[in-house]
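> Could you have a look at this structure, given as structure tokens, before my questions?
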Amino acid sequence: MEVDILELSDRSAKFVLSKVSTSFANGIRRAMVADVPTLAIEYVNLYDNTSVLYDEQLALRLSLIPLVTDVETYVPQAECDVCGGEGCPACEVSLTLSAEGPCTVYSRDLISSDPKIQPADLNIPIVELKKGQKLVLEALAHMGYGRDSVKWQAGVACGYKNVPIITITNCDACGHCATECPKGIIRFEESGARVSDEDILKCSLCKLCEQVCDIHAINISFDENAFVFTMESDGSYTAKDLALNASNVVKGRAEELLSILDQF
């Protein structure tokens, strides 16, 4: 397996994953979306709510606020050996909020019992309070999996495509392929049409250039064992940590399967 990093920022990444099968690439994608444990607000104790939103609406908004997750400190509540799922500092984080209008309540107004666990985005609006309106609550955040609820989904835009292979031979430089290409990556030189190595990865494999070429000078195919991977995190993890945790999930399941098979 080889990994070639193309772009890497705090929230997103783009890389080429090669010498692997489609099933492996899809396993990494699914792990990012569904199997990396993430903190999210699950229960809300409302002590005073005179805002325009019902209690249930507030709870839904709060649950969808991404929280920075420390996977080394917290475990999913159902898997907690300390409390057996009852709720303890190993699987639960408390966040409190107290506000009185007139003001707009933002995610930054949530006060966490653990300084490491904070909203990933501080300027997410929760509700606007008019004069005299109050909101006092305690929210309890638990670890969970994206396969159970979208509020625990750390990977929000994870996908891949095969690395394109573009072959151009005996081109007559008619220009129809360049006009038809939606990505605008086909250039012309003295020898005819050409796509640079940097632009090949932008190809969407639509094959419109191949279809419009009357002399069949262009052939579009793809590498079955190489993939252009794009991913984005909701802020619970950095893009790098999300990819590493997803890889560890796949690795852990493979090791578990081997241990089961070794018993026979």
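Residue 154 in full-length UniProt numbering sits at position 154 of the sequence shown; the count goes up by one each step and never skips. Ideal placement from N, C-alpha and C gives every residue a C-beta, glycine not left out.
#1: Please report the straight-line C-alpha distance between E7 and F15, rounded to a whole angstrom.
#2: For D172, which of I218, A99, V52 has the nearest alpha-carbon?
#3: Under 8 Å by Cβ, that's how I've got I186 and C206 pegged, so tell me the actual separation to the nearest angstrom.
#4: Between which two residues does the beta strand (DSSP E) carrying T169 extend?
#5: Determine, using beta-carbon pairs with one atom in the region 145-161 and one in the region 22-35, whether at least three such pairs fall under 8 Å.
#6: If distances are taken between C-alpha atoms only, which option among R194, D10, L39, T22 comes closest to A226?
#7: For E79, I'd like the list of residues in its chain whose CB is within less than 6 Å of its CB, leaving aside the five on either flank, ordered along the chain.
#8: Is the distance from the Cβ of D48 to the Cβ of T238 below 8 Å?
#9: How is Y100 classed by DSSP in three states: helix, strand or coil?
#10: Determine whether the beta carbon atoms of I124 and I65 lie at a separation below 8 Å.
#11: Could you compute how far the alpha carbon of E56 sits from the alpha carbon of S236?
#12: Just how far apart, CA to CA, sit R61 and Y145?
#13: Return yes when the Cβ of I41 is within less than 8 Å of the Cβ of C140, no when it is not.
#14: In the DSSP assignment, the beta strand (DSSP E) including V44 goes from what residue to what residue?
#15: Could you check where the alpha helix (DSSP H) with A59 kicks off and where it finishes?
#16: Leaving out five residues before and five after P76 in sequence, what residues of the same chain have Cβ atoms less than 8 Å from its Cβ?
#17: Are the beta-carbon atoms of I166 and C203 separated by less than 8 Å?
#18: Considering only the alpha carbon of each residue, which of C174, T104, L201 lies closest to H216?
#19: Just to confirm the assignment, what range does the beta strand (DSSP E) spanning R194 have?
#20: Express the C-alpha separation of E255 and Q263 in angstroms, rounding to a whole number.
#21: Could you pull the DSSP bridge partners for V127 from this structure?
#22: Where does A226 sit, in a helix, a strand or coil, going by DSSP?
#23: Going by the beta-carbon positions, is the gap between R108 and A34 smaller than 8 Å?
#24: Could you spell out the range, first to last residue, of the beta strand (DSSP E) harbouring G146?
#25: What is the DSSP secondary structure of R11, counted as helix, strand or coil?
In this structure, then:
#1: 7 Å
#2: I218
#3: The Cβ separation is near 12 Å, so there is no contact.
#4: Counting along the chain, T169 falls outside any beta strand (DSSP E), and DSSP gives it neither H nor E.
#5: yes
#6: T22
#7: none
#8: no
#9: With the sequence shown as reference, residue 100 is identified as Glu, and Tyr is not the correct amino acid for it. Of the three classes helix, strand and coil, the one that applies to E100 here is strand, per DSSP.
#10: yes
#11: 23 Å
#12: 18 Å
#13: Checking the sequence shown, residue 140 turns out to be Leu, not Cys. Yes, the Cβ-Cβ distance between L140 and I41 is below 8 Å.
#14: 38-49
#15: 55-63
#16: P37, C91, H142, M143, G144, Y145
#17: yes
#18: C174
#19: 192-194
#20: 13 Å
#21: V105
#22: strand
#23: no
#24: First-last for G146: undefined, no H or E at that position.
#25: coil
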